[in-house]
Amino acid sequence: MHKEQLIREALSLPTNAIEYYVSQILADMYSQKALVEGGDGLFDIEEYAGAGHCTIEQKAIIYNQVVTYYQGQEMSLPGMMPGLLRLSGILPMNMGPSATEAERKLIDRAKNAWLEVQWRDSTFDVVVMNWFHMGPVYHYWILADQVETAKAFLQEVCRWNGEVRGEMLVFDSGCWRKDATLFQSIKGATFNNLVMKGHLDPSILDRPSRFDRKYPFDLPELAERLAYISMWNGSLKPALQLTEEGIARLGGITEGFSFAYLKELFLSSMIRWIAVEQKESIPETMQQ
Numbered sequence: 028m029h030k031e032q033l034i035r036e037a038l039s040l041p042t043n044a045i046e047y048y049v050s051q052i053l054a055d056m057y058s059q060k061a062l063v064e065g066g067d068g069l070f071d072i073e074e075y076a077g078a079g080h081c082t083i084e085q086k087a088i089i090y091n092q093v094v095t096y097y098q099g100q101e102m103s104l105p106g107m108m109p110g111l112l113r114l115s116g117i118l119p120m121n122m123g124p125s126a127t128e129a130e131r132k133l134i135d136r137a138k139n140a141w142l143e144v145q146w147r148d149s150t151f152d153v154v155v156m157n158w159f160h161m162g163p164v165y166h167y168w169i170l171a172d173q174v175e176t177a178k179a180f181l182q183e184v185c186r187w188n189g190e191v192r193g194e195m196l197v198f199d200s201g202c203w204r205k206d207a208t209l210f211q212s213i214k215g216a217t218f219n220n221l222v223m224k225g226h227l228d229p230s231i232l233d234r235p236s237r238f239d240r241k242y243p244f245d246l247p248e249l250a251e252r253l254a255y256i257s258m259w260n261g262s263l264k265p266a267l268q269l270t271e272e273g274i275a276r277l278g279g280i281t282e283g284f285s286f287a288y289l290k291e292l293f294l295s296s297m298i299r300w301i302a303v304e305q306k307e308s309i310p311e312t313m314q315q
């Protein structure tokens with residue numbers, strides 16, 4: 028087959044056959060070359076070339092599909108999460124929505140293309156392809172004179188893209204990305220811009236819903252237990268209610284009970300009272 032049709036023919040196959048098909052064709056067509064392939068999202072040669080570490084030219088022998096994105100607006104891409112797009116290599120790892128309006132720009136990315144790369148004293152052919160199979164799939168094939176050179180190039184590109192330089196890592200949509208704009212914003216912050224404890228509204232600082240404050244709750248004293256028992260007793264039907272003496276006695280023998288234990292005592296006693304054929308008084312049931 029002609030290499031001009033390689034990408035088109037590959038993308039017409041079932042998605043689980045694309046990788047092997049391209050690998051086999053390249054190995055047959057360039058048997059004198061070393062072939063290294065993979066799918067690591069850190070192998071972003073366009074980002075690497077943008078920093079001046081290599082040069083890229085698109086091979087004219089084939090139609091190269093190049094897509095253009097507006098930086099910072101990748102959330103609008105239909106059907107794909109930006110994190111998956113970064114993992115797949117379609118979007119650069121340092122592309123993020125925190126870029127200011129003035130910093131946003133159009134970015135061209137090779138989606139399905141045959142590239143010629145100049146790196147140090149070596150020249151490579153790099154085929155990059157993207158397709159969808161239970162999620163975005165990114166794959167690349169490197170053709171070089173020596174396998175050691177191809178692997179050294181692969182390692183250097185991935186290492187460089189994995190470094191954090193004047194950026195910070197942000198976990199976004201299931202993926203880590205580098206964000207230089209956010210790093211610069213935090214770097215320029217001072218303590219004068221921080222909200223300190225003394226500046227907080229007391230109604231916010233002292234409300235019991237704050238999880239960074241500890242509130243101990245002691246066990247109820249006798250007066251509190253009597254009030255709680257009386258409250259529950261008043262909600263019962265007359266046949267189940269305790270007398271004043273029963274309330275006082277129950278309050279005395281439940282020392283060490285929490286409000287939850289007292290509630291459980293009432294509920295379990297009512298259930299037992301209902302189940303027993305020979306009805307006892309509620310105080311007698313509670314004592315059991």
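Here my numbering = 1-based position in the sequence shown + 27.
Here a beta-carbon is modelled for each residue, glycine too, at the ideal position from N, C-alpha and C.
Residue i bridges to which residues according to DSSP?
i: Phe180; result: Partner(s): none; Phe180 has no beta bridge.
i: Cys202; result: Asp199
i: Ile134; result: Tyr96
i: Leu142; result: Gln85, Val153
i: Gly158; result: First, the amino acid is wrong: residue 158 is Trp here, not Gly. Partner(s): Val164.
i: Ala171; result: Ala61
Give every residue of the same chain whose Cβ lies closer than 7 Å to the Cβ of residue i, excluding the five residues on either side of it in the sequence, and list them in chain order.
i: Glu46; result: His166
i: Gln100; result: Only weak support exists for where Gln100 lies, its pLDDT of 45 falling under 50; the coordinates are left without a value.
i: Leu170; result: Leu53, Tyr57, Lys60, Leu62, Phe151, Asp152
i: Glu291; result: none
Go ahead and label residue i buried or exposed: buried means 16 or more other beta carbons lie within 10 angstroms of its beta carbon, across all protein chains shown.
i: Asn316; result: It is not possible to answer for residue 316, since the shown part of the chain is limited to 28 through 315.
i: Lys214; result: exposed
i: Val154; result: buried
i: Ile280; result: exposed
i: Leu289; result: buried
i: Glu248; result: exposed
i: Leu114; result: For Leu114, the predicted structure reports a pLDDT of 46, less than 50, and the residue's modelled location is therefore unreliable. A value from the coordinates is still provided. Leu114 is buried by the Cβ-count criterion.
i: Ile88; result: exposed
i: Thr217; result: exposed
i: Val93; result: exposed
i: Arg35; result: exposed
i: Glu175; result: exposed
i: Leu263; result: exposed
i: Glu74; result: buried
i: Val49; result: buried
i: Gly68; result: buried
i: Ala137; result: buried
Skipping 5 residues on each side, what residues in its chain have a beta carbon closer than 6 Å to that of residue i?
i: Val164; result: Trp158
i: Trp203; result: Leu196
i: Asn220; result: Its pLDDT being 47, under 50, Asn220 is placed unreliably by the model, and the measurement read from it follows with that caveat. Within the same chain, Asn220 has no close Cβ partners at all.
i: Lys224; result: Unreliable placement is indicated for Lys224, whose pLDDT of 47 sits below 50; no coordinate value is reported for it.
i: Glu31; result: Ile88, Ile89
i: Asp135; result: Val93, Thr95
Tell me which residues share the same chain as residue i and place their Cβ nearer than 8 Å to its Cβ, disregarding the 5 neighbours each side in the sequence.
i: Phe70; result: Gly116, Tyr167, Leu181, Val184, Cys185, Asn188
i: Leu246; result: Gly283, Phe284, Ser285
i: Gly65; result: His166, Tyr167, Leu181
i: Leu38; result: Ile45, Asn139, Met156, Trp158
i: Ala275; result: Leu253
Which residue spans inside the stretch 60-102 form an unbroken beta strand (DSSP E) run of at least 3? DSSP assignment within the stretch 60-102 yields the following whole beta strand (DSSP E) runs of 3 residues or more, N-terminal first: 61-65, 82-85, 92-97.
With three or more C-beta pairs closer than 8 Å as the rule, is the stretch 73-84 touching the stretch 195-204? Contact between the stretch 195-204 and the stretch 73-84 is absent: fewer than three C-beta pairs spanning the two stretches fall below 8 Å.
With a cut-off of 8 Å, do at least 3 Cβ pairs link the stretch 168-183 to the stretch 140-151? The answer is yes - the stretch 140-151 touches the stretch 168-183, with three or more Cβ pairs under 8 Å.
Entirely within the stretch 267-305 and at least 4 residues each: give me those alpha helix (DSSP H) ranges in chain order. Qualifying alpha helix (DSSP H) stretches, in chain order: 271-280, 286-302.
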